[in-house]
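Undergrad:
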Amino acid sequence: MVTTTDKKIKHPEIWEILEKVKDPEIPVISVVDLGIIRAVVKENGKVIITITPTYSGCPAMSVIRLEVTTALLDEGYQNIEIVTVLHPAWTTKWMSEKGKKALREYGIAPPLDDQADEIELFGEMPAIQCPHCGSMNTKMTNKFGSTPCKSLHQCQDCLEPFDYFKCH
Amino acid sequence: MLSYTTYDPLTEYVLRCADNNLILGHRISEWCGHGPVLEQDIALTNMALDLLGQSRMYLKYAAELIGHNETEDSLAFLRDAMQFRNSLLVEQPNGDFAHTIIRSLIFDSFHYFFTEQLMQSNDKRLADIATKSLKEITYHRKFSSEWTIRLGDGTEESNKRMQTAIDDLWRYKGELLSPDELDMEMLEKGIGVDLNKIEPLVDNHLSDMLNRATLQIPQAEFMQKGGKQGLHSEHLGYILAELQFMQRAYPGLNW
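In order, the protein sequences belong to chains F and Z. So in our numbering, the last spot in the first sequence is 168, and the numbers never skip. So in our numbering, the last spot in the second sequence is 1255, and the numbers never skip.
In structure tokens, the structure reads:
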């Protein structure tokens, strides 16, 4: 598996620009840290960016494509193509540690490393740490949240509600 | 050549997948702002969004197969009811919350095992769409299964409503799992799903959930069919009247 870090060896100047493009719904995490930029290629003066969607119905995707294009135009690139690929399907495993840290600081619990909350039909959710006070004494209030990628939780110690970025 | 078809077999097959998602997504989106509690309103809206997103992937593929000036939008907004290939189940009205949950339970059980098999399709594009969709469908199946148990094994009133819903909707299950000519042709080519193979998996899941929910599996043998071939109930026309209004009233409108 080629990691994002390996791929950045080529065209670091482009990756640097992409780092500045944030997820419009979660403005603290860049599209790079989210893991949706799959490739950056330069061909005959053309910049080709390959993106993969998070959830298939995520309305942020069209905004992200636009913002990636705008960011490159701002830096003087004229000839830009955004390609969308479905395979391999995006997974939260591609989210960077930097991205997870940014989510936590923003008040969203980042996805756990394992996929315990994903497969089982009626499995118990693993304990999610409250991003506000750090308590592990939390409960899920809804599997579905404000965006397709999140579920709703509440801390039983500080009583604050919070979002959890689901494993996917 | 099949008698009812508009397009080539692969396109017809892709449209079946697309239309099931599009029509059920639209139906579920009707709950937006009307959910019984806020959490379930959000959950239903999320699932509607997933289904619309999956539908777009299939419709985009179908549009590419058709060529000319066809797009995902023209396929969604400019086909008439007879050209839609969704199963009858997904166009059934929301009814009460019990009908919505049972409709989803039956569809999600089918959709989960169907998509899992479609991941093995030798049509790379279909396999990719299936792989992308399955994670989302996993959440949907969990949701409808949990609510089936909660409401079936709930109060006297909720049990009664759930039993009525399953009795009403059971007749639309058969179509999902009965292969027709097109299903057979796609299976032979290694593109489509073997419906006979997934039928026991779907039935096992359904009977497990209904048993846990203390609901009776209907004994009725009769299964209503036709949607896959474009013969729909009157409900689809009303759905399209709303879904397609903007493009019909203002052709080519953009935003």
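We treat Cβ as the ideally placed atom computed from N, Cα and C, and that holds for glycine.
1) Answer with yes or no whether the minimum CB distance from Asn1046/Z to chain F is below 7 Å.
2) Along the chain, where does the beta strand (DSSP E) that runs through Leu112/F open and close?
3) Against Tyr77/F, what residues of chain Z qualify as contacts under a CB-to-CB distance less than 8 Å, listed in chain order?
4) Under 7 Å between beta-carbons, which chain F residues line up against Tyr1139/Z? List them in chain order, please.
5) Could you work out which residue in Glu1136/Z, Asn1094/Z, Ile1106/Z, Pro1179/Z is closest to Arg1016/Z when comparing CA atoms only?
6) So for Asp216/F, helix, strand or coil by DSSP?
7) Leaving aside the five residues before and after Met1209/Z along the sequence, list all residues of the same chain whose C-beta is less than 7 Å from its C-beta, in chain order.
8) So with Cβ pairs under 7 Å, would you call Leu1052/Z a contact of chain F?
9) Once DSSP output is grouped into helix, strand and coil, what is the label at His1111/Z?
10) Rank Pro24/F, Thr91/F, Ile14/F by C-alpha distance to the C-alpha of Ala39/F and give the top, closest one.
11) Of all the CB atoms in chain Z, is at least one closer than 7 Å to the CB of Pro24/F?
12) Mind reading off the beta-carbon distance from Thr1131/Z to His87/F? Whole number of angstroms is fine, and I expect it under 8 Å.
13) For Glu1242/Z, which residues from the same chain have a beta carbon less than 7 Å from its beta carbon, with the 5 sequence-adjacent residues on both sides left out?
14) On the criterion of 16 or more Cβ atoms from any shown chain inside 10 Å, does Ile20/F qualify as buried, or is it exposed?
15) Mind checking the region 42–61 of chain F against chain Z and listing, in chain order, the residues whose C-beta falls within less than 8 Å of any C-beta there?
16) For Leu86/F, decide whether its Cβ has a neighbour in chain A, counting only Cβ atoms nearer than 7 Å.
17) Answer yes if the region 1024–1039 of chain Z comes into contact with the region 1067–1082 of chain Z, meaning at least three C-beta pairs across the two stretches below 8 Å, and no otherwise.
18) Compute the beta-carbon to beta-carbon distance between Ile1066/Z and Thr1005/Z, rounded to the nearest angstrom, for a pair I have assumed lies under 8 Å.
19) With burial defined as no fewer than 16 other Cβ atoms inside 10 Å of the residue's Cβ, what is the status of Arg1027/Z: buried or exposed?
TA: This is what the structure holds:
1) yes
2) No beta strand (DSSP E) holds Leu112/F; DSSP gives it neither H nor E.
3) Here the premise fails: no neighbours, minimum Cβ distance about 26 Å.
4) Lys143
5) Checked all of Glu1136/Z, Asn1094/Z, Ile1106/Z, Pro1179/Z; the closest Cα to Arg1016/Z is Pro1179/Z.
6) The structure shown does not extend to residue 216/F, since chain F spans only 1 to 168, so no value can be given for it.
7) Leu1105, Ser1145, Thr1148, Ile1149
8) yes
9) helix
10) Ile14/F
11) Pro24/F does not count as touching chain Z.
12) 7 Å
13) none
14) Reading off the sequence, residue 20/F comes out as Lys, not Ile. Exposed, because fewer than 16 other Cβ atoms sit within 10 Å of the Cβ of Lys20/F.
15) Pro53, Tyr55, Ser56, Gly57, Cys58, Pro59
16) Absent from the structure is chain A; the protein chains it does hold are F and Z.
17) no
18) Contact doesn't hold; Cβ gap of about 12 Å is too wide.
19) The residue is buried, with at least 16 neighbouring Cβ atoms inside 10 Å.
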